[in-house]
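Peer 1: Chains as they are written, first to last, in the numbering used here: chain A, 3 to 362; chain B, 3 to 362; chain C, 3 to 362; chain D, 3 to 362.
Quick one: the structure is below, questions incoming.
4 protein chains.
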Amino acid sequence: MSFNTFGKQFRFTTWGESHGPALGCIVDGCPPNIKLKEQDIQVELDKRKPGQSKFTTQRKEDDKVQILSGVFEGKTTGTPISLIIYNQDMRSKDYGNIKDKFRPGHADFTYFKKYGIRDYRGGGRSSARETAARVAAGAIAKKVLENKLGKKFKVVGAVTQLGILGCDTAKWNDQVIKKNPFFCPDKSILKLWKKYLLDVRKSGSSCGAVIEVRARGIPIGLGAPIYSKLDMDIASAMMSINAVKGVNIGSGMNSAQLSGEQNSDEISQKGKKLKFNSNNAGGILGGISSGQEIVVSFAVKPTSSILTTRKTIDKFGKNTTISVKGRHDPCVGIRAVPVGEAMMNCVLLDHYLMNKAQCS
Amino acid sequence: MSFNTFGKQFRFTTWGESHGPALGCIVDGCPPNIKLKEQDIQVELDKRKPGQSKFTTQRKEDDKVQILSGVFEGKTTGTPISLIIYNQDMRSKDYGNIKDKFRPGHADFTYFKKYGIRDYRGGGRSSARETAARVAAGAIAKKVLENKLGKKFKVVGAVTQLGILGCDTAKWNDQVIKKNPFFCPDKSILKLWKKYLLDVRKSGSSCGAVIEVRARGIPIGLGAPIYSKLDMDIASAMMSINAVKGVNIGSGMNSAQLSGEQNSDEISQKGKKLKFNSNNAGGILGGISSGQEIVVSFAVKPTSSILTTRKTIDKFGKNTTISVKGRHDPCVGIRAVPVGEAMMNCVLLDHYLMNKAQCS
Amino acid sequence: MSFNTFGKQFRFTTWGESHGPALGCIVDGCPPNIKLKEQDIQVELDKRKPGQSKFTTQRKEDDKVQILSGVFEGKTTGTPISLIIYNQDMRSKDYGNIKDKFRPGHADFTYFKKYGIRDYRGGGRSSARETAARVAAGAIAKKVLENKLGKKFKVVGAVTQLGILGCDTAKWNDQVIKKNPFFCPDKSILKLWKKYLLDVRKSGSSCGAVIEVRARGIPIGLGAPIYSKLDMDIASAMMSINAVKGVNIGSGMNSAQLSGEQNSDEISQKGKKLKFNSNNAGGILGGISSGQEIVVSFAVKPTSSILTTRKTIDKFGKNTTISVKGRHDPCVGIRAVPVGEAMMNCVLLDHYLMNKAQCS
Amino acid sequence: MSFNTFGKQFRFTTWGESHGPALGCIVDGCPPNIKLKEQDIQVELDKRKPGQSKFTTQRKEDDKVQILSGVFEGKTTGTPISLIIYNQDMRSKDYGNIKDKFRPGHADFTYFKKYGIRDYRGGGRSSARETAARVAAGAIAKKVLENKLGKKFKVVGAVTQLGILGCDTAKWNDQVIKKNPFFCPDKSILKLWKKYLLDVRKSGSSCGAVIEVRARGIPIGLGAPIYSKLDMDIASAMMSINAVKGVNIGSGMNSAQLSGEQNSDEISQKGKKLKFNSNNAGGILGGISSGQEIVVSFAVKPTSSILTTRKTIDKFGKNTTISVKGRHDPCVGIRAVPVGEAMMNCVLLDHYLMNKAQCS
């Protein structure tokens, strides 16, 4: 069972509710003798932190992480690493007026029906606040992978579509991503996105997004067919993120429209260097990494908490309406970027370690 | 670890290579006292069987399944059910001339690099022939679900896009699906698809497909957040099928383009009956089934084994070319329909059983 | 993988080192709607707490537990329960003089060789301090089982052998156990044990113990053959406790000396009541609970940290000697009683929940 | 879940009933490029085969194993290895007269109560016949370990106590074990054991046994604290064998009676060679292998199927008596020796592979 645990060899187990006293995770299976300090994790959490621009929720959270175990004299010891983040801005009152209603598009209805009880404050366990713990775990995975794979290794995510507006991924630029509040990789579209999202926010509505995550410097051979295929585990990882409804590997859904000639990536050798002539596969063949860049994209649905009044029912089965005030992101997809990166790092490390057991 | 095992509570472990003496699976965690006979499994296998129309491979396989354990006097006993299918048409010679080459788009390259050895006959373990074992396991899951959920329960899959040609899913008709070789749900498009696929085959090329699987009569409450979400496990299941490159739940990738108002499904109550006014969620909220129809679609890339000559390298690192003769499906997506149904049945039963443990 | 996680359906993952800032666990898979407060856990922790009598270590630990998640308005919600205990009495200086030496009988040598690094303060992760987290998890399991199984349900442990001194288990009395610092079930032997253990302590030596745990009111049918047999999982649970070297179910090792007639428990029916005429099986047949009392016993080796000077080597491979001062239990077996009870509660709940999934 | 699956990285899943058409297992996680042929497995099966001497059941089973997958051109490929053994001597009639009765000491009662159905023929799934599949899996583990660890590696088991008769384990001789039908390691006791067991058989009774398994040439560092400790997994493995009621690691239950000085094994260094001065730990410290010989012993209860008439009830709740004729081993413990060896090989390989993932 893996209710709140992700991964096989490198595993993390998260806990905590949106408005509880704290949240965190245990990272298990981390190799020993890797340098690790709180700041390594904090930098990743800061990317995801709310309240950083007018395009994200104004909820204030410092998201200060503490390492409680598993690190001794600055190095991992191979024992479980416990991370904790105390919550600060828990305005539970915001939720009092909707505590008996099911917000459309949220997990309120299904949690209540499944468990017969729910923590209604900010969605409780179903809140995207849980992803802070994943980002923390991902930061550790990143440190280990950098140690094992060296400088060529890099995982980088971006928003490639904001609502109805795409961007030109051929213009992808890692440096651009860092310097705009959308994690957009294409400088030329920024102005348009900004105007569009402000309009969405002003109208009390919300929009979805597509996030793309790329991983470079990945060795050939990661992935364990048949039921721990690398693409299967990546899809699983991304689909586990709140509000994600679709996942593509390489050409993804588009591959259905290609011919065999267009789709299968030819291989050629130039001296000692092997080269694929295209990357429709997204770096994965038969569930195993091919050494090409791994490319995954996923769709995040628009924020369901909107100002617009919507029809719903309450827990007594009565028809009612709802308008969610609170402090919500007009596009939750933006803050999903560091989460997607974190999940990618975790899956890759998981498979990197498993591959040692399988093939050495 | 779950290299060749799928599922948590209801689990199956598959084995066998494309050109080995046999293939099969062990189904573990099947509840006791469920009526089961070989014919129940055979009917599902027959849907997937090659050589049934001119649109699929002409490889002849009877795919006769035998139950070797776990059933006593016509009923399951709660012990592992071992299923075996002996292979019949093993023309390994077909592969002799390509045994040292890596077929573009196939797992040849990655298996060889990962394991340092590979069974080159028909792709060995990476062949889609493995999916016969899944279909067999899925047939058992279906029998159990029918027993537990009654008549309203139904899982049905269809091809909703054949290469560049879509169909009108609003015209979805279960009866139509059964009566055409494409598992197409829309009668009006059949002629066009037929002509298109014959052209593809004649040209020695291939095309991809989109498959949609729908599940009805599913109780509220299946799914175990956070890391065994129902949509996560369905995505994982579908992505594990050979050649699948993208998965959508409900509105899927398209949800990125919707506004919050368009996307979140309003809820209303009429007497004792609860109703969602739309189903963008695809029947799953917060990773838990909502009682709505569960809708998943996935893209299958075009068959990589094509007649057209392609550039590749051999295992000695030399540039060469390849043209795959053999007997291949012009569109492997078609035979993925019963596989998608099988995986859906397995995931649903897995979660149905897990839910008993979580909430009773 | 289950490095730091115990259980399948009801799972706990522990973290923390002997002299770190805190320790704790995440309990996952706990059913919803069970009343739970910190005090329920605290009472169990207090049984294990050091410094309670002159027969246990004088290390001072309040072991105050906090619930950080998974409980809302006094009830479990079905989401992960995070428990934390902050450490108070961390005299790391005590260990400075032995930081480079391997204490005989301890994990110092193997941890260092395996991981290439170790937290030498009080054994770090290998310290029995980790068992506090298990006792906390076990307290939750107990609450759930009491809720599900009612008043007949009870798990109770005792020390049945202290070093070379046994006791008469036919005189087992639950009330006696509570009232003596040895958890001894036989009042008649108490004086002797007291004198014996004071002598052991005075001499700077230590002694082992046998602990017996009994579970009553257990329904028939818990246990999942073949590789999750109830006795297998109980043995596994007990063997995971620090310093345990042997485990018996029912007649245990002694069963080797019995004849078939002596050993197999006859069954008889009196009206509606089924009765076994003996209980050599220890309440488990074929890995499944039979409804009889479940009886397990296990041996705890003598404390390895003793005043007596012992030969060992240091991490540079040099011969040296060691005499461990610190504040150690003369018999660690005594404080293993609440740990054995906790593990029993956890295994039973795990199987109780799994059985729902298997057979309902 | 692991109902019928054993192991984490190196895993086997068994299937089959005592009187079904066949039994077998899937071995998953076996490293690639290991030479393997059916004969490697057959030699181990032949050690366990019934009908080899007058001291074991006269049921005739050739136990011929076939490899159905996972091996290509004489080498493992890293894909699942499916093994099958067809049953030959299925005299189900022998069981007709007891099909409604619960044999005391057997799993008949608990299987029926748990599942509401049971295959009464020879115990069905609860029969020790299942252990043939384990021996087959263990043979593969042995081949891999021999390949990885070289000549120093050896696992050898023996019967060290037959009913009420012990033997002198100080006289342990591997060569003696091979040459007597009891797997007894002490030549001097053979005559006595022979006379004793013939008496037991003649009287229609049965006796228990203690089996000891030793593993040499094991590297330091195997074992994953806290909940995959090597001793925990070994205890678990042995306790999963039919009729096992107790397990000791090293001094085992006896350690309770030792003082700290007697029990903890001193360490000393002579040049480059590290030496433990004793081995009460049984080769495992803190759940991790220390490089010493690993020593485990376990008790097998006396065969429950005896000629002597015993009281029991039938499935309708009526009192009755039973006398089991069939063809049973007077001491099932004897044939448990190759099973114990197999389980040890499997656990060791499992941890050997896991250690690669944890620490490389």
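Note that CB positions come from ideal geometry on N, CA and C, so glycine has one too.
1. Under 9 Å Cβ-Cβ, which residues of chain C neighbour A/Glu19?
2. In the DSSP assignment, what are the bridge partners of C/Leu38?
3. For C/Ala245, which three-state DSSP category applies?
4. Under 8 Å between C-beta atoms, does D/Ile269 make it to chain C?
5. Which class does D/Thr133 belong to by DSSP, given the choice of helix, strand or coil?
6. From the DSSP output, which residues share a beta bridge with C/Ala109?
7. Determine the contact status of D/Ile236 and D/Ile251, defining contact as a CB-CB distance below 8 Å.
8. Using the C-alpha atoms, what's the distance from B/Cys27 back to A/Lys180?
9. If the cut is a Cβ gap below 8 Å, which residues of chain B does A/Val212 touch?
10. On a Cα-Cα basis, can you pick out the residue from B/Asn357, B/Val137, B/Pro187 and B/Glu148 that is closest to B/Arg218?
11. Unbroken alpha helix (DSSP H) runs of length 4 or more, entirely within the region 215-292 of chain B: which are they?
12. Measuring only between beta-carbons, confirm whether D/Met346 sits less than 8 Å from chain C.
13. Among A/Asp110, A/Tyr117 and A/Lys144, which has the Cα closest to the Cα of A/Pro33?
14. Just the Cα atoms here: how many angstroms apart are C/Ile336 and C/Lys313?
15. Apply the 10 Å Cβ neighbour rule to D/Gly140 and answer buried if 16 or more other Cβ atoms are within range, or exposed otherwise.
16. Classify D/Ile142 as helix, strand or coil using the three-state DSSP reduction.
17. When you compare the CB of C/Leu287 with every CB in chain D, is at least one pair closer than 8 Å?
18. Going by DSSP, what residue range makes up the beta strand (DSSP E) through D/Arg120?
19. Any beta-carbon of chain C closer than 8 Å to the one on D/Gln68?
20. Please list the partners that B/Thr15 has in chain D, where partner means a Cβ-to-Cβ separation under 8 Å.
21. What is the DSSP secondary structure of D/Ala11, counted as helix, strand or coil?
22. Taking A/Pro221 as the query, report the chain D residues whose CB atoms sit under 9 Å from its CB, ordered along the chain.
23. Does DSSP classify B/Phe155 as helix, strand or coil?
24. Would A/Lys150 count as contacting chain C if we go by Cβ distances under 8 Å?
25. Kindly say whether B/Thr112, judged by its beta-carbon, lies nearer than 8 Å to any beta-carbon of chain A.
26. Which residues bound the alpha helix (DSSP H) around D/Ala359?
27. Which of the three DSSP states is assigned to B/Gly126 in this structure?
28. So, under 8 Å CB-CB, D/Lys10 and A/Lys358 are touching, yes? Tell me the CB distance rounded to an integer number of Å.
29. Check for me: the alpha helix (DSSP H) holding B/Lys196 runs from which residue to which?
30. Counting only beta-carbon atoms, is B/Tyr117 nearer than 8 Å to chain D?
31. Just to check my reading of the structure: C/Ala448 and A/Leu70 have Cβ atoms closer than 8 Å, yes? What is that Cβ distance to the nearest angstrom?
32. Strictly below 7 Å CB to CB, what residues from chain A border C/Asp121?
33. For B/Ala301, which residues does DSSP report across the bridge?
34. Please work out which residues of its chain come closer than 7 Å, Cβ to Cβ, to C/Val349, disregarding the five sequence neighbours upstream and downstream, and give them in chain order.
35. If D/Cys333 sits next to D/Ala160, beta carbons under 8 Å apart, how far is it from one beta carbon to the other, in whole angstroms?
36. According to DSSP, D/Leu167 sits in a beta bridge with which residue or residues?
Peer 2: Once the coordinates are examined:
1. Going along chain C in sequence order, the residues near A/Glu19 (Cβ under 9 Å) are Ser71, Gly72, Phe74, Thr79 and Thr81.
2. For C/Leu38, which the question treats as bridged, DSSP gives no partner whatsoever.
3. coil
4. yes
5. helix
6. In DSSP, C/Ala109 forms no bridge with anything.
7. Yes, they are a contact pair.
8. If I take the Cα positions, the gap works out to 49 Å.
9. Met255 and Ala258
10. Of the listed residues, the one whose Cα sits closest to B/Arg218 is B/Glu148.
11. Within the region 215-292 of chain B, the runs of alpha helix (DSSP H) that reach at least 4 residues and sit entirely inside it are, in chain order, 232-241 and 262-265.
12. no
13. A/Lys144
14. 27 Å
15. buried
16. Looking at D/Ile142 - three-state DSSP - the assignment turns out to be helix.
17. yes
18. Here D/Arg120 belongs to no beta strand (DSSP E), and DSSP marks it neither H nor E.
19. no
20. Thr7, Thr15, Ile28, Asp30 and Pro82
21. The amino acid occupying residue 11 of chain D in the given sequence is Gln; Ala does not appear at that position. Correct three-state label for D/Gln11: coil.
22. Chain D residues near A/Pro221: none, gap ~14 Å exceeds 9 Å.
23. coil
24. no
25. Closer than 8 Å to some Cβ of chain A, the Cβ of B/Thr112 qualifies, so yes.
26. Val334 to Cys361
27. helix
28. Contact doesn't hold; Cβ gap of about 14 Å is too wide.
29. Judged by DSSP secondary structure, B/Lys196 falls within the alpha helix (DSSP H) whose first and last residues are Leu192 to Lys204.
30. yes
31. With chain C represented from 3 up to 362, any question about residue 448 of chain C goes unanswered, as that position is not in the structure.
32. Identification of chain A residues near C/Asp121 by a Cβ-Cβ cut-off of 7 Å yields Phe74 and Thr79, ordered along the chain.
33. B/Val212 and B/Gly248, per the DSSP bridge assignment.
34. Asp235, Ile236 and Ala239
35. Not a contact, Cβ separation roughly 14 Å.
36. D/Leu164
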